[in-house]
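Student:
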Amino acid sequence: TMKTLRLYILNNSQILAVPPLYLLSKIDLDELMKKDEPPFTFPKTLEEFEYAFNEYGQLRHIKTGESFVFNAREDLHRWNQKRYEALGEIITQFVYELLEKKCNLTKAILPVDATEDEPTSFIYLSPDALSNPSKLLVLIQGSGVVRAGQWARRLIINQDLDSGTQIPFINRAMEEGYGVMVLNPNENYLEVTKPARSSPLPSPTEQSDEPAEKRERKDEKEGKKKREFYEKYRNPQKETETEQIPIRENGSSEEHVLYVWDHFVSKAAAKNVFIVAHSYGGLSFVELMNQREMQVKSKVCAVALTDSAHNIWLQETSKGTQDWMQQHCCNWVSSPEPLDTPLDPMLPDCPRVSAGTERHELTSWMSFTSIFRFFGEVLEAKEGEEAEETSNTVTTRSSSLKNKHQDL
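Heads up: the sequence shown begins at 1 in full-length UniProt numbering, then just goes up one per residue.
(1) Applying the 10 Å Cβ sphere with the 16-neighbour rule, what's the burial state of Lys169?
(2) Let me know if Val146 comes out buried or exposed under the rule of 16 or more other beta-carbons within 10 Å of its beta-carbon.
(3) Let me know the alpha helix (DSSP H) ranges lying completely inside the region 77–134, each 4 residues or longer, listed in chain order.
(4) May I ask you to report which of helix, strand or coil DSSP gives Glu243?
(5) At the level of alpha carbons, what is the spacing between Thr242 and Asp340?
(6) Given Leu283, which residues of its chain have a CB within under 6 Å of its CB, disregarding the five upstream and five downstream residues?
(7) Expressed to the nearest angstrom, what Euclidean distance is found between the alpha-carbon atoms of Arg352 and Asp113?
(8) Quick check: the Cα distance between Leu379 and Val273, rounded to an integer number of angstroms?
(9) Three Cβ pairs or more, each shorter than 8 Å: is that satisfied between the region 129–137 and the region 72–83?
(10) Cα-Cα, which of Pro185, Asp128 and Gly164 is closest to Gly177?
(11) Keeping to the same chain, check which residues put their C-beta closer than 6 Å to that of Asp162; ignore five residues upstream and five downstream.
(12) Could you name the residues that DSSP lists as bridge partners for Arg60?
(13) Rounded to a whole number of angstroms, what is the C-alpha to C-alpha distance between Cys301 and Arg292?
(14) What does DSSP give as the partner residues of His278 in its beta bridges?
(15) Pick out whichever of Ala381, Glu85 and Ala108 has its Cα sitting closest to the Cα of Gly144.
(16) Taking Gln141 as the reference, which of Ser318, Met366, Ile275 and Ser354 has the closest Cα?
(17) Taking 8 Å as the threshold (C-beta atoms), are Leu110 and Gly149 in contact?
(18) Does Glu191 come out as helix, strand or coil in the three-state DSSP assignment?
Pasting the structure below:
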């Protein structure tokens, strides 16, 4: 019968007898399978994780020398994922430390007029980011868990720091005389733990008519039975309930890029602004153009997109923006073709070339050298045009003065 039929589950080579099927309707089978899941308590530092970055920027186990192993425990995907996320948070802080100590960048708090009790974000600036009169490089990452200074967490953990972080771009830019701004478009909210909700007391109308003493004994018996059942068959771990408090004027990647433009980039002294935008960062840049088209056109010299997620039709860009992008942007996309091979344009916005890899997250690193060559060529052409215009102006003025002298 339904009351006597039981389900047996093989778990860690042991046969577990599960309560009758009529009880299974009251529990989550996924939770049932997590009976032996270890606690979600993980190390707080790389040293405690027993990992370190070697001289090549690769993450390796300090005892075995092996790369990071995701499946530390078989058949415990949720636990493995939580462990990976815990390591990822440590990596984020590690990259911040590199930006500050190795690259000499400093934080600028957002919003700029934040009060003491409101959530804030930040970006990173080189010492000359606002004062450099010539060149400024702005770095915009894609969406997801990555924070300032990162292109892809997966690459940092599984490959190396050069491919996964923006540090090579920062160092190269500083060597070539750029000021640098590192944006943080995914830091959009403060996450806080929700207060525990207390169970409402039963109303007098819900109380049973049976004697109080008998009811107490019955409740105690049922409570004990429930506790034993949950201790035996349910995973006691629950996801912490949180709520998100948006950061003012920085609640999304698009808002963040617009805010940083208005309060930092537009106020920078640099005559020539260059932008590298990866994936969703490209969409945020195009949205910036929609909002500040004339400002961007007057200040930005060139834009390198890497596997950009923008869409000029869905984002309803103007004809003027599309024409400008044709002249000033280049999109290095994932492709099996060799690096810099021209590809057919999918939309009438900007040239597309191969990044020399089919892996989306690697497109920025693989096109690193090509991007700086592109910037150099664009700047050289612009300076050549300006020099020619200056020369023509001087020649015209000289001829005018000569003619006046002859007239006199």
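Idealized CB from N, CA, C, for every residue including glycine.
Tutor: With the given structure in hand:
(1) The count along the sequence shown starts at 1 and reaches residue 169 at position 169. According to the sequence displayed, residue 169 carries Phe and not Lys. It counts as buried.
(2) The sequence position of residue 146 within the sequence shown is 146, counting from 1. Buried, by the Cβ-count rule.
(3) 77–101
(4) By 1-based counting over the sequence shown, the position of residue 243 is 243. Glu243 falls in the strand class under three-state DSSP.
(5) As a position in the sequence shown, residue 242 is number 242, starting the count at 1. As a position in the sequence shown, residue 340 is number 340, starting the count at 1. Computed Cα separation, rounded: 45 Å.
(6) Along the sequence shown, read from residue 1 onward, the residue named residue 283 stands at position 283. Within the same chain, Leu283 has close Cβ partners Ala309 and His310.
(7) What you label residue 352 is simply residue 352 of the sequence shown in a count that begins at 1. What you label residue 113 is simply residue 113 of the sequence shown in a count that begins at 1. About 40 Å.
(8) Translated into the one-based positions of the sequence shown, residue 379 becomes position 379. Translated into the one-based positions of the sequence shown, residue 273 becomes position 273. Approximately 10 Å, taken between the alpha carbons.
(9) no
(10) Taking the first residue of the sequence shown as 1, we reach residue 177 at position 177. With distances taken between Cα atoms, Gly177 lies closest to Asp128.
(11) Locating residue 162 in the sequence shown gives position 162, where the first residue counts as 1. Taken in chain order, the residues that qualify are Gly57 and Pro168.
(12) Along the sequence shown, one-based indexing puts residue 60 at 60. Note: Arg60 sits in a beta bridge opposite Ala52.
(13) Locating residue 301 in the sequence shown gives position 301, where the first residue counts as 1. Locating residue 292 in the sequence shown gives position 292, where the first residue counts as 1. When rounded, the distance between both Cα atoms is 15 Å.
(14) In the sequence shown, counting from the first residue as 1, residue 278 sits at position 278. Thr306, per the DSSP bridge assignment.
(15) On the sequence shown, position 144 is the one that residue 144 refers to. Answer by Cα proximity: Glu85.
(16) For the purposes of this step, residue 141 is taken as the residue at position 141 of the sequence shown. Comparing Cα-Cα distances from Gln141 to each of Ser318, Met366, Ile275 and Ser354, the minimum goes to Ile275.
(17) Locating residue 149 in the sequence shown gives position 149, counting from the first residue. Locating residue 110 in the sequence shown gives position 110, counting from the first residue. The answer is no: Cβ separation not under 8 Å.
(18) Counting from one through the sequence shown, the residue named residue 191 turns up at place 191. Of the three classes helix, strand and coil, the one that applies to Glu191 here is strand, per DSSP.
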